[in-house]
Amino acid sequence: MTATTPGTITVRTKRDIIDFVDSHPKGTRRTKILVFIALGGIFVDAYDFTSLGIGVDSLKAEFALSAFQVGTMTAAMAVGALLGALIGGYLVDRIGRYKLFVLDLILFVVAAIGAGLSPNLEVLLVFRFLLGFGVGVDMPASFSFVAEFTNRASKGKYVNMWQSMWYVAVVVTGLVALPFYFAGVGGDLWRWAVGFGAVPALIVLLLRLKFTEESPMWAAHRLGLREAAKILEKSYGITVVVDQAAGQEAVKRLPGFRALFTPKYRARTALASLISGTQSMEYFAVGFYIPVIVALLLGKGVLFAILGTIVINLFGVLGGTTQPFLTQKWGLRKLAITGYCIVAGCMLLLGVVGDAVPGVVAALLVGVLIFGHSFGPGAQGKTMAALSYPTEMRGIGMGWAESMSRIGTILGFYVFPLIMAVAGLSKTMLALMVIPLTGLLALGLIRWEPIGQDVETPEAEGTATTPSTAS
Numbered sequence: 095m096t097a098t099t100p101g102t103i104t105v106r107t108k109r110d111i112i113d114f115v116d117s118h119p120k121g122t123r124r125t126k127i128l129v130f131i132a133l134g135g136i137f138v139d140a141y142d143f144t145s146l147g148i149g150v151d152s153l154k155a156e157f158a159l160s161a162f163q164v165g166t167m168t169a170a171m172a173v174g175a176l177l178g179a180l181i182g183g184y185l186v187d188r189i190g191r192y193k194l195f196v197l198d199l200i201l202f203v204v205a206a207i208g209a210g211l212s213p214n215l216e217v218l219l220v221f222r223f224l225l226g227f228g229v230g231v232d233m234p235a236s237f238s239f240v241a242e243f244t245n246r247a248s249k250g251k252y253v254n255m256w257q258s259m260w261y262v263a264v265v266v267t268g269l270v271a272l273p274f275y276f277a278g279v280g281g282d283l284w285r286w287a288v289g290f291g292a293v294p295a296l297i298v299l300l301l302r303l304k305f306t307e308e309s310p311m312w313a314a315h316r317l318g319l320r321e322a323a324k325i326l327e328k329s330y331g332i333t334v335v336v337d338q339a340a341g342q343e344a345v346k347r348l349p350g351f352r353a354l355f356t357p358k359y360r361a362r363t364a365l366a367s368l369i370s371g372t373q374s375m376e377y378f379a380v381g382f383y384i385p386v387i388v389a390l391l392l393g394k395g396v397l398f399a400i401l402g403t404i405v406i407n408l409f410g411v412l413g414g415t416t417q418p419f420l421t422q423k424w425g426l427r428k429l430a431i432t433g434y435c436i437v438a439g440c441m442l443l444l445g446v447v448g449d450a451v452p453g454v455v456a457a458l459l460v461g462v463l464i465f466g467h468s469f470g471p472g473a474q475g476k477t478m479a480a481l482s483y484p485t486e487m488r489g490i491g492m493g494w495a496e497s498m499s500r501i502g503t504i505l506g507f508y509v510f511p512l513i514m515a516v517a518g519l520s521k522t523m524l525a526l527m528v529i530p531l532t533g534l535l536a537l538g539l540i541r542w543e544p545i546g547q548d549v550e551t552p553e554a555e556g557t558a559t560t561p562s563t564a565s
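With my numbering applied, the sequence shown covers 95 to 565.
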């Protein structure tokens with residue numbers, strides 16, 4: 095790649111396209127808008143995953159659900175996400191990020207309305223599954239998009255912003271539920287909370303249709319230099335000249351999931367999988383059931399559940415908003431280790447003294463636990479996957495990590511209500527400590543750090559264990 099005149103570059107290979115994006119000093123206003131529209135999908139994902147938690151008591155009463163049925167109903171979305179991630183990750187590398195960007199949002203709108211109108215548990219399970227499938231498809235598309243529109247010096251920061259977007263969505267879930275509660279919807283609160291998910295999904299869908307285009311990195315690999323050059327011109331406001339002497343590079347056969355377990359990538363895959371799985375299990379065992387935990391600690395009542403959800407998840411907003419700005423300096427490993435330690439410490443305190451301290455203090459500990467999760471492992475599993483593979487493998491890498499995350503989600507959904515039913519909150523917290531400790535063990539054994547690495551270079555083995563701060 096060469097710069098001929100100000101505002102004009104000449105490209106000869108797909109690597110020139112990648113190098114331009116990776117080395118662009120700041121990006122442009124348009125590329126930053128594109129990144130936040132992509133992260134808007136994470137907002138929808140989080141809202142749909144957690145909105146049911148607000149009204150889970152009214153739902154249990156309406157459909158007379160057992161603890162096992164509650165676990166099944168909540169896990170249905172995770173099963174859909176697991177399958178959606180594997181299929182979406184495979185397709186996003188083959189047909190592009192943009193097409194799936196649009197299709198999954200359409201599914202969100204339809205499924206959210208259908209879930210809110212469900213007449214029985216069986217119909218609700220179907221629509222929850224479809225919502226999950228949409229989440230699974232959106233994750234590899236959104237993360238790949240953000241990673242491929244940001245430069246190497248800030249890629250980790252922007253990808254890691256997804257965690258703050260998640261917790262903002264969870265807080266919004268509570269804020270949305272409040273007016274419905276005061277309007278006296280009673281046992282239909284869960285319907286309004288879930289059905290309202292169609293609104294942000296529709297907004298993000300319209301923004302994506304208006305502003306987004308295909309990833310230039312993906313286009314360089316699959317559509318050719320000329321198409322990639324057009325995207326660069328539109329996104330970065332420059333003139334791109336494709337060297338006429340440059341031959342058309344052959345479109346290579348894309349790797350499948352087996353490539354994730356080749357010697358070069360297996361350690362990265364193992365670490366991304368373990369962090370994704372354990373963080374998801376600890377979050378959905380605790381975070382999803384925050385309304386239930388608040389009721390146990392502070393008193394029963396829908397209003398307590400809503401307000402407790404809002405306040406406790408503000409700790410998640412704080413942690414999720416802080417850690418992106420430390421990503422390039424600390425690296426993903428250090429952030430994850432710090433967060434796991436905070437989570438494990440809070441679980442230990444809740445298990446040992448949770449019954450002896452005032453409910454407000456115990457609730458505060460849950461808030462600190464959520465802070466530690468969002469500051470550390472909550473973000474790093476998916477970010478680890480998004481930054482550990484080259485463009486032609488990023489979709490399947492993200493899809494695989496997301497599927498591992500959803501296995502953790504399914505286990506978390508079942509673990510909390512089943513242990514709670516027989517052991518109570520304190521012993522449940524002690525039992526759950528095994529989750530962050532497993533994550534810490536994985537980070538101790540596998541020392542891969544993607545921050546600062548050029549994963550687009552096939553020859554780069556990327557064995558560094560500390561982040562590069564070169565910009």
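Even for Gly, the Cβ is constructed at its ideal location relative to N, Cα and C. Source: prediction; values computed, not measured.
Check, Outcome
"Assign Q257 to buried or exposed, taking buried as 16 or more other Cβ atoms, counted over all protein chains shown, within 10 Å of its Cβ.", "buried"
"Work out the CA separation of V279 and D113 for me, nearest whole Å.", "55 Å"
"So for I490, helix, strand or coil by DSSP?", "helix"
"In terms of residue numbering, what span does the alpha helix (DSSP H) encompassing T403 cover?", "V396 to T416"
"Going by Cα to Cα distance, which pick from E486, A235, Y508 and F465 is closest to F351?", "E486"
"Which first and last residues belong to the alpha helix (DSSP H) in which V203 is found?", "R191 to G210"
"From M478 to P544, what does the alpha carbon distance come to, in whole angstroms?", "7 Å"
"Name the residue from R188, W286 and L442 whose alpha carbon lies nearest to the alpha carbon of L463.", "L442"
"Pop quiz: G165 and F507 are said to be a contact at Cβ under 8 Å. What is the actual Cβ separation, rounded to whole angstroms?", "5 Å"
"Could you work out which residue in L354, S145, G183 and L365 is closest to S236 when comparing CA atoms only?", "G183"
"Where does I103 fall in DSSP's three states?", "strand"
"Do G289 and A209 count as a contact pair if the criterion is CB distance below 8 Å?", "yes"
"Would you kindly work out how many angstroms separate the C-alpha atoms of G531 and R246, rounded to a whole number?", "Sequence inspection shows Leu at residue 531; the Gly mentioned does not correspond to that position. Their Cα atoms are separated by approximately 31 Å."
"Unbroken alpha helix (DSSP H) runs of length 4 or more, entirely within the region 278-303: which are they?", "283-289"
"Quick check on DSSP: helix, strand or coil for T372?", "helix"
"In the DSSP assignment, find the unbroken alpha helix (DSSP H) run with T333 in it and report its ends.", "Here T333 belongs to no alpha helix (DSSP H); instead the beta strand (DSSP E) covers T333 to V336."
"Quick one, are the C-beta atoms of L128 and F305 less than 8 Å apart?", "yes"
"Quick check on the DSSP output: what are the complete alpha helix (DSSP H) runs of length 4 or more inside the region 441-483, in order along the chain?", "453-469 and 471-482"
"Measure the C-alpha to C-alpha separation of A536 and L481 and round it to an integer number of angstroms.", "18 Å"
"Can you tell me whether Q338 is buried or exposed, with buried defined as 16 or more other CB within 10 angstroms of its CB?", "exposed"
"If the criterion is Cβ atoms closer than 8 Å, does the pair M523 and G395 meet it?", "no"
"Do P385 and A161 have their beta-carbon atoms positioned less than 8 Å apart in this structure?", "no"
"Would L201 and M167 be called neighbours here (beta carbons separated by less than 8 Å)?", "no"
"For the alpha helix (DSSP H) holding S329, just list the boundary residues, first then last.", "L319 to Y330"
"Helix, strand or coil: how does DSSP classify I529 here?", "helix"
"Exposed or buried, which one is G281 when buried takes at least 16 other CB atoms within 10 Å?", "exposed"
"Between the beta-carbon of A430 and the beta-carbon of I490, is there less than 8 Å?", "no"
"Assuming contact is defined by CB atoms lying nearer than 8 Å, are R106 and V196 in contact in what I supplied?", "no"
"Within the continuous alpha helix (DSSP H) that includes L133, where are the two ends?", "R123 to I148"
"Identify, in the order they occur along the chain, each residue of the same chain with its Cβ nearer than 7 Å to the Cβ of G101, setting aside the five sequence neighbours on each side.", "I332 and T333"
"In or out: D142 buried (at least 16 other Cβ within 10 Å) or exposed?", "buried"
"Reducing DSSP to helix, strand and coil, say where L348 ends up.", "coil"
"Are M259 and F137 touching if we call contact CB-CB under 8 Å?", "yes"
"Quick one: grab the DSSP three-state call for E156.", "helix"
"Could you name the residues of the same chain whose beta carbon sits closer than 6 Å to that of E78, not counting the 5 residues immediately before and after it, in chain order?", "An answer regarding residue 78 cannot be provided, because it is not within the stretch 95 to 565 covered by the chain."
"In three-state terms, what does DSSP make of I568?", "Nothing about residue 568 can be reported from this structure: the residues present for the chain run from 95 to 565 only."
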